[in-house]
């Protein structure tokens, strides 16, 4: 009898569990072992800020438990088992079991690395103090919720003005806290257009969130006081969110190529080592517009990487279509979304590009409810080829970014976008959808 | 000095006013005369059911008045002036002025026909009785609002189960009326899938609207009583909405080709007569997927026809990209949308096609608010080419039809749709957007 395929998966969140599930679905006989260094698998990490703000049950974010995976899918999930080394030539992973504190080796026929990333912590004195948090894994959210329940903090200082802290700002306000955001750079969301950045700052202001730029943090003193070049900020709660770092240290010394710590993969999510695949926050991902890999650690990318990488481990030959860089997030009652390139990014890529900005209603003229949304189109002057779009404004209207993501996928031009047959009915959209209004404006510059 | 271009436009609603505005914008010197048989121009007809239900100011639906067009755009709008004949060889329109009750001729260099359509009235005894209405033009809405204000009807009978009466059903309920819908055919929305029809019927039922199928109306007796083969229905208010009829009788005997009463146009909105263009509810429109003209009288189509037809009158050579048949409407708290072909339509067109139906949440797992939406994909078996999509469910989620409309425009396959980089964040979408869930399911049948 042939030996069953033995697949080891490092990391039990979006990418890893998707990969494990795909393998098991396609090859029933496969032995699939997942090594997860933490205590949770398969949860909706992106929902954590809202779970905190709405005081939800933290377990509501868990999609499937380790036990579910074992019982329902026959996947051997080993919690508190961390991959600490890899011998890719002899196909063995060195594992540390944090329960027993013992190390062991596990062999594999094929390996999927979905080891994720962790919050980057700046070298600031006092970041380990009580009341200072990061928010990356589910256990971080548990600790924050527990702290809020027990200590009832009133003043939140959020270090870093990325979208996690913007989401946290809304949710800390929801919990009744004063919120201050401290950002090292001179502005926020630098990969977005000025109009979006201004709108976000205005929405923060309108909701009583203070934001300071150009802030260098000296230390976080117990108590807590955040000492900076812009003065001292008192806090009962601090969250540090200044980027993430791929969990790939255990790959040092192997032949697996890394780029700034992230694993290099091809469009099949194969690494540079035989029979070893990777995806999710620990790896690069193929960007369709740029025709090269980028680092874009998002849940949706991780799920796709796991699904396709897992299928390929099981013998499929699925080529990943690539991302176009779509992101969306909520800032209080506004939505902010981007797909493709910003104008600056487009110019850096060598495009002779322009942008158009329009603001238009989200429902028909005279309809009882009317929101507003702004649409930015970035396109190549010579050809009118769409390069990117940013959409922001009333929460209800920013879904339009998905239409632009489909347009980017299809290499549409501004003229094509003018020709889209978008739905019209007063409660849903105005007769000239904001997307078409933007295209009608942009066409003048082509 | 050269004589200025003289352009006559028949009809002052969406198509006509868009055409007139385009001409004037492109050729400042042009003399543009709009002949409108009614008393309103440029209004949001699709908003009428909601304006009635929310007791809005009827003038809120008017985008620009005849006076506005004269003053702001230099367009000579003649209200109560009806085109009653055309001499296309000598380029003259015969006009009846309903104010003075006199007829006159007006010459043109170029003509745009946007004469619209009217509600088809079945030959039922009593359709002219007090309390029996149709709803097509703004003045219809005025009369209905006036009737409701004065008579306070309690029982509405809506004849025909098309989307106008479905929208009216919601709004009559909003005004506190009992609502009964009577439909001649055995079901509603026959150009949609069974799953959509069932969902609409359930939503009507959940909101206390009665609906009867296979109803032949014998007469509407004063009082009112609607006498049918399914029994008598008492009513204080009746709306008849059983389709529309193009206003093209004045073209009989001309060389302008009609098809079932609708004006045949090419992709430039040019009719079969020299220098005469047409668009909107009186004309056919090019369908991109079918590669032929269809009759689809919708506001969004009329606006595009007017805009492009007007530009071409002014010397542009804009080819219309074509519609893909996108429609959307609200039924109480649900949304219903379609783009492209239904399965039955696809099969009629000769495709070996299949459909997939999935239901998925509209927000992330564990998010505080969660709606549901169903996505139907219709595709060709051999190639996976997308042929159509229908989306229905919670109001907030059906915008996804616009992504599918963009996919149809771009001839995407199911595999392409799997590859779309759609936005993910808990308040906006689940990590696997319903569109991707549907594509992941559909790919199994390709």
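Protein chains in written order, with the working numbering: chain X, 1 to 446; chain A, 1001 to 1446.
In this text, a Cβ means the ideal position worked out from N, Cα and C, and glycines have one as well.
Only a predicted model underlies this, so the values are computations on that prediction, with no experimental measurement involved.
What are the residues that DSSP puts in a beta bridge with residue i?
i                      : result
residue 1031 (chain A) : A:1006
residue 261 (chain X)  : Beta-bridge pairing links residue 261 (chain X) to no other residue.
residue 1204 (chain A) : DSSP lists no partner for residue 1204 (chain A).
residue 1353 (chain A) : A:1380
residue 212 (chain X)  : X:182
residue 234 (chain X)  : X:225
residue 391 (chain X)  : X:337 and X:375
residue 277 (chain X)  : X:112 and X:270
residue 97 (chain X)   : X:81 and X:102
residue 358 (chain X)  : X:375
residue 287 (chain X)  : X:292 and X:323
residue 1125 (chain A) : A:1219
residue 385 (chain X)  : X:413
Exposed or buried, which one is residue i when buried takes at least 16 other CB atoms within 10 Å?
i                      : result
residue 110 (chain X)  : buried
residue 1246 (chain A) : buried
residue 369 (chain X)  : exposed
residue 1123 (chain A) : exposed
residue 1102 (chain A) : exposed
residue 286 (chain X)  : buried
residue 295 (chain X)  : buried
residue 425 (chain X)  : buried
residue 70 (chain X)   : exposed
residue 104 (chain X)  : exposed
In chain X, which residues lie with their C-beta within 9 Å of the C-beta of residue i?
i                      : result
residue 1410 (chain A) : 406, 407, 409, 410, 411, 412 and 416
residue 1208 (chain A) : Ordered by position in chain X, no residue passes the 9 Å Cβ test against residue 1208 (chain A), which lies about 20 Å from the chain.
residue 1294 (chain A) : Near residue 1294 (chain A) there are no residues of chain X at all, since even the closest Cβ is about 12 Å away, more than 9 Å.
For residue i, go through chain A and note every residue whose CB falls closer than 9 Å to its CB, in chain order.
i                     : result
residue 99 (chain X)  : Chain A residues near residue 99 (chain X): none, gap ~27 Å exceeds 9 Å.
residue 434 (chain X) : What residue 434 (chain X) touches in chain A: nothing, since even the nearest Cβ is about 11 Å away.
residue 323 (chain X) : 1421
residue 269 (chain X) : Result: empty, since nearest Cβ-Cβ is about 14 Å, beyond 9 Å.
residue 112 (chain X) : Correct list: empty, because the minimum Cβ distance to chain A is about 18 Å.
What are the start and end residues of the beta strand (DSSP E) that includes residue i?
i                      : result
residue 219 (chain X)  : 217-221
residue 50 (chain X)   : From DSSP, residue 50 (chain X) is part of no beta strand (DSSP E) but of the alpha helix (DSSP H) over 48-53.
residue 157 (chain X)  : 155-159
residue 105 (chain X)  : 102-107
residue 1112 (chain A) : 1110-1113
residue 246 (chain X)  : 244-246
residue 1330 (chain A) : 1327-1331
residue 1449 (chain A) : For residue 1449 (chain A) there is no data in the structure shown, the boundaries of chain A being 1001 and 1446.
Could you tell me how far apart the beta carbons of residue i and residue j are, in whole angstroms, since I believe they sit closer than 8 Å?
i                      : j                      : result
residue 438 (chain X)  : residue 26 (chain X)   : The pair is not a contact, with the Cβ atoms about 43 Å apart (cut-off 8 Å).
residue 1114 (chain A) : residue 1279 (chain A) : 6 Å
residue 1403 (chain A) : residue 402 (chain X)  : 5 Å
residue 378 (chain X)  : residue 355 (chain X)  : 5 Å
residue 235 (chain X)  : residue 224 (chain X)  : 5 Å
residue 156 (chain X)  : residue 140 (chain X)  : So it is not a contact: roughly 15 Å between Cβ atoms.
residue 22 (chain X)   : residue 196 (chain X)  : Contact doesn't hold; Cβ gap of about 36 Å is too wide.
residue 956 (chain A)  : residue 1282 (chain A) : Since the first and last residues shown for chain A are 1001 and 1446, residue 956 (chain A) lies out of range.
residue 366 (chain X)  : residue 1060 (chain A) : 4 Å
residue 1119 (chain A) : residue 1034 (chain A) : Contact doesn't hold; Cβ gap of about 23 Å is too wide.
residue 1045 (chain A) : residue 1032 (chain A) : So it is not a contact: roughly 22 Å between Cβ atoms.
residue 289 (chain X)  : residue 408 (chain X)  : 6 Å
How would you write the range of the alpha helix (DSSP H) that residue i sits in, first residue to last?
i                      : result
residue 165 (chain X)  : 163-174
residue 1401 (chain A) : 1401-1409
residue 1082 (chain A) : That residue, residue 1082 (chain A), is in no alpha helix (DSSP H); its beta strand (DSSP E) goes 1081-1087.
residue 90 (chain X)   : Careful: residue 90 (chain X) lies outside any alpha helix (DSSP H) and carries neither H nor E.
residue 311 (chain X)  : 299-313
residue 347 (chain X)  : 343-348
What in chain X is Cβ-close to residue i, meaning under 8 Å?
i                      : result
residue 1431 (chain A) : 14, 44, 46, 299, 300 and 303
residue 1306 (chain A) : The contacting residues do not exist; residue 1306 (chain A) stays about 11 Å from chain X at best.
residue 1386 (chain A) : None at all; the shortest Cβ gap to chain X is about 11 Å.
Name, please, each residue of chain A whose Cβ falls closer than 8 Å to the Cβ of residue i.
i                     : result
residue 286 (chain X) : None at all; the shortest Cβ gap to chain A is about 11 Å.
residue 389 (chain X) : The contacting residues do not exist; residue 389 (chain X) stays about 11 Å from chain A at best.
residue 189 (chain X) : None at all; the shortest Cβ gap to chain A is about 14 Å.
Applying a beta-carbon distance threshold of less than 7 Å, which residues of chain X neighbour residue i?
i                      : result
residue 1425 (chain A) : 46, 328, 329 and 330
residue 1403 (chain A) : 402, 403 and 406
Please confirm whether any heavy atom of the ligand COA lies closer than 7 Å to the CB of residue i.
i                     : result
residue 389 (chain X) : No copy of the ligand COA occurs in the structure displayed, which carries no ligand at all.
For a contact defined as C-beta to C-beta under 7 Å, what are the partners of residue i on chain A?
i                     : result
residue 367 (chain X) : 1047 and 1050
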